[in-house]
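Engineer:
Number of protein chains: 2
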Amino acid sequence: MLTERQLLILQVIVDDFITTAQPVGSRSISKKETITFSSATVRNEMADLEESGFIEKTHSSSGRIPSEKGYRFYVDHLLSPLRLSNREISTIREAFADKMMEFERVVQKSAGILSDLTNYTSIILGPEVFETKLKQLQIVPLNDQSAIAILVTNTGHVEHRAFNVPVEIASTDLEKMVNILNSRLHGVPLIQLHEKLYSEIGDLLKSHTDQYEGAFRYLQAALVEEQPTKLYIGGKTNILMQPEFRDLDKVRSLYATIEKESEMADLLRSDDEGIHVRIGQENPYDAMQNCSLITASYRLGTDQIGTIALLGPTRMEYNRMFSLMNVLSKHMTSTFRGWY
Amino acid sequence: MLTERQLLILQVIVDDFITTAQPVGSRSISKKETITFSSATVRNEMADLEESGFIEKTHSSSGRIPSEKGYRFYVDHLLSPLRLSNREISTIREAFADKMMEFERVVQKSAGILSDLTNYTSIILGPEVFETKLKQLQIVPLNDQSAIAILVTNTGHVEHRAFNVPVEIASTDLEKMVNILNSRLHGVPLIQLHEKLYSEIGDLLKSHTDQYEGAFRYLQAALVEEQPTKLYIGGKTNILMQPEFRDLDKVRSLYATIEKESEMADLLRSDDEGIHVRIGQENPYDAMQNCSLITASYRLGTDQIGTIALLGPTRMEYNRMFSLMNVLSKHMTSTFRGWY
DNA sequence: ATTTAGCACTCAGACAAACCGAGTGCTAAC
DNA sequence: GTTAGCACTCGGTTTGTCTGAGTGCTAAAT
């Protein structure tokens, strides 16, 4: 439905606007060396492109900018794969060179790289905890009133929580209790911990010694910590560099939106595998109307999938971002492979 | 050297400017009910105040704004103690109501409260680790290639680090090693851990079994983690709400400054006990020329002192901030008391 | 039947002049 | 010593003009 020439023009407009952030006029298009026809012809074609909704004017005599439909078409059909620059490649390679062993560290670093390399804001969603299982539970008494419960999962995640110990409980009792718990809870998925504690173990412990009950209640409070999937945000202030966010009010409302952790998590989570883009209105939140969100998934182990995302203005360097996120998610996945 | 009347006028100017952010004119001053004399008199006095450097004009026919010297004088001599509002008091009280047992949690929450209540940016420096001692070291093997070293301090701080385990080391050996380490390192201040590991323990372990050496090296890498004093920043985006930061360039350079963790840490650390203010030029960094930094200390245990700070424009609500930080630092200190 | 040159038209942005009003300093009267 | 009055200053806003980059349309050229 679009002619060869219109495709070409659309491509030029989007490419140009992405780099300059200025409306693109017919004259500047006709001067490109890929364009062999005059500005008048371009104008005619642009009128058609506008009629079909791929581009629009900012005012009656302005050049054209891509509409959201235009961006969508560009992303779906006109994207030219881009080789990453040496700088980009080496930055990533170096970052992953030293053997990182902790999930958090890898994710933090990845978020940092991504935002530094792109000048956009990176958001990384930790993998779902579905399959995370308890590896070991430990209790370290601090003094006679308090102790720390430490919980290690099979993915190497460490969670800890201080709690009060009622004075009447001897530390040897506590130790016994931990031993029992460990034998019973080893391998239990974290999300079932709560329920397991209530049902089986509660009874079990009670039958062992009545005396444990008090301690158990305390311990329970320490263990049953809701553990929301973590969101890592990098380069939040990069938003300020984008000319489309000259308006402080927009910045503020965007910040307000991305700071709602649980909602952002839902937003990212809903995506399935591969790289996806949500352009402007395709995003559910008002504050993100002028934004695009590129998401890509990475895997930790076999089942767990997390998401890395990049938030920027709709006028984003889509092709570079695609390559970058592709490479990064692969690096992350391969770093995680063989850990779990 | 300043007359009673000049003090009064200065006070009015600062108070007014702090709330409105607009230069204050003689007419609006003379209309205040505390002012019994005419605007012409005010003008005369203001000319004197300007000559002595306490106030200044933004242009030849503008009202006056406080100079830094003016702010300094105001803070030192004119500050009227302010009762906190019920809302503020209850917010703080509620936050500290549920018994928090972990240092991080308390600090995070405090930073949140502070920035929410003030609309400025809060910066909290964790206490120095001078006296933090190793309570217990534990190792949790994840699989046959890796394990997690967990380090618990007497303050309840938990540090963990995954590391590779050479295949040739049996987990029982590892266990033995940990036992030895625990008996030797218990109570050792964290900052000496490095040195201790090198000197005594290295030899000790080696003499025990040569085989340990490899594992020891790996473990060492895991344990000797530089542990920079942590900086917690809250309400970073509040800066955007201040009219003096309409200029994005200023915001950017300020962000760049406060994001340099180690330098900010030094800046906060240098302060001794009590509440202090650094106004404008008194701050070492260019980007903070228009800012004031209020710092207050809190104590964790007896020796450890940390700092809570509030960063805002020089036009800050000093009296409210003073009260707020005072209350908060007391809450923090008393929460920590009896923990360690 | 396309393509292009030419031309009238539009509009944002830059610039200047005019105006307004909130403020000042100064002087003279109280 | 205080105050009323007045001339003056200057930032901010409004208004008007101009310019240049852009458009759409028409008619000529290919």
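Chains A and B are the protein sequences, given in the same order.
The letter at position 226 of the first sequence is residue 233 when you use the working numbering, and the numbering goes up by one with no holes.
The letter at position 50 of the second sequence is residue 57 when you use the working numbering, and the numbering goes up by one with no holes.
We treat Cβ as the ideally placed atom computed from N, Cα and C, and that holds for glycine.
If you're wondering where the values come from, they're calculated on a predicted model, not measured in any experiment.
1) Tell me where the alpha helix (DSSP H) around His201 of chain A begins and ends.
2) Got a sec? Which residues, its chain only, sit under 6 Å from Arg259 of chain B by beta carbon, not counting five neighbours each side?
3) Count the other C-beta atoms from every protein chain shown that fall within 10 angstroms of the C-beta of Tyr205 of chain A, then say buried if there are 16 or more, exposed otherwise.
4) Please give me, in chain order, every unbroken run of the beta strand (DSSP E) with length at least 3 that falls completely inside the region 9 to 93 of chain B.
5) Just the chain B side, please: which residues come within less than 9 Å of Gln249 of chain A by C-beta, in chain order?
6) In the DSSP assignment, the beta strand (DSSP E) including Leu318 of chain B goes from what residue to what residue?
7) Give me the Cα-Cα distance between Met332 of chain B and Gln13 of chain B, rounded to the nearest whole angstrom.
8) For a quick check, are the C-beta atoms of Ile25 of chain B and Glu324 of chain B less than 7 Å apart?
9) Classify Val174 of chain A as buried or exposed, calling it buried when 16 or more other Cβ atoms lie within 10 Å of its own Cβ.
10) Below 8 Å on the Cβ atoms is my guess for Glu57 of chain B versus Gly287 of chain B; work out the distance and round it to an integer in Å.
11) Can you find a C-beta in chain B that's less than 7 Å from the C-beta of Thr244 of chain A?
12) Would you say Ile146 of chain B reaches chain A, if we count a Cβ-Cβ gap shorter than 7 Å as a contact?
13) Quick check on Ile155 of chain B - is its C-beta less than 7 Å from some C-beta in chain A?
14) Of all the CB atoms in chain B, is at least one closer than 7 Å to the CB of Glu52 of chain A?
15) So Ser167 of chain B is in the alpha helix (DSSP H); what residue range does that whole segment cover?
16) Compute the distance between the beta-carbons of Thr314 of chain B and Ala294 of chain B, then report whether it is under 7 Å.
17) Looking only at its own chain, which residues have a Cβ that is under 7 Å from the Cβ of Lys39 of chain A, when we skip the five neighbours before and after it?
18) Examine the Cβ distances between the region 122 to 131 of chain A and the region 180 to 195 of chain A and report whether three or more of them are shorter than 8 Å.
19) How many angstroms separate the CA atom of Met108 of chain A from the CA atom of Asn171 of chain B?
20) With distances taken from CA atoms, which of B:Ile131, B:Asn290 and B:Tyr305 is nearest Gly241 of chain B?
21) Using only the alpha-carbon positions, how far apart do Ser134 of chain B and Arg276 of chain B sit?
22) Closer than 7 Å, CB to CB, is Val113 of chain A near chain B or not?
23) With DSSP run on the structure shown, which of helix, strand or coil describes Gln227 of chain B?
24) Could you round the C-beta distance between Leu17 of chain A and Phe80 of chain A to whole angstroms and report it? I think they count as a contact, below 8 Å.
25) Rounded to whole angstroms, what's the CA-CA distance from Ser190 of chain B to His164 of chain A? Just pull it up for me.
26) Quick one: Cα of Gln145 of chain A to Cα of Asn186 of chain A, how far?
27) Just the C-alpha distance for Lys267 of chain B and Ile62 of chain A, rounded to the nearest angstrom, thanks.
28) Tell me which residues of the region 268 to 287 of chain B have at least one Cβ-Cβ distance to chain A shorter than 7 Å, keeping chain order.
29) Using a cut-off of 8 Å between C-beta atoms, extract the partners of Gln311 of chain B located in chain A.
30) Would you report the Cα separation of Ile312 of chain A and Glu270 of chain B, rounded to the nearest angstrom?
31) When the cut-off is 7 Å and only beta carbons count, does Tyr239 of chain B lie next to chain A?
32) Is DSSP giving Lys257 of chain B helix, strand or coil here?
33) Against chain A, with Cβ distances strictly below 7 Å, would Val172 of chain B count as a contact?
34) Terminal residues of the continuous alpha helix (DSSP H) containing Gly241 of chain A?
35) Nearest-angstrom Cα distance between Lys140 of chain A and Arg344 of chain A?
36) What is the C-beta distance between Leu149 of chain A and Asn161 of chain B, in whole angstroms, given that I count them as a contact (C-beta under 8 Å)?
Structural biologist: Result, derived from the coordinates:
1) Leu197 to Lys203
2) none
3) exposed
4) 62 to 64 and 71 to 73
5) Chain B residues near Gln249 of chain A: none, gap ~10 Å exceeds 9 Å.
6) Gln311 to Pro320
7) 29 Å
8) yes
9) exposed
10) With a Cβ gap of about 17 Å, Glu57 of chain B and Gly287 of chain B do not count as contacting.
11) yes
12) no
13) yes
14) no
15) Correcting the residue identity first, residue 167 of chain B is His in this sequence and not Ser. No alpha helix (DSSP H) contains His167 of chain B, which is instead part of the beta strand (DSSP E) from Val165 to Asn171.
16) no
17) Val19
18) no
19) 8 Å
20) B:Ile131
21) The amino acid at residue 134 of chain B is misidentified as Ser; the sequence shows Pro. Their backbone Cα atoms lie some 9 Å apart in a straight line.
22) no
23) helix
24) 7 Å
25) 26 Å
26) 9 Å
27) 43 Å
28) none
29) Chain A residues near Gln311 of chain B: none, gap ~15 Å exceeds 8 Å.
30) 37 Å
31) no
32) helix
33) no
34) Element bounds for Gly241 of chain A: not the alpha helix (DSSP H) but the beta strand (DSSP E), Leu238 to Gly241.
35) 17 Å
36) 7 Å
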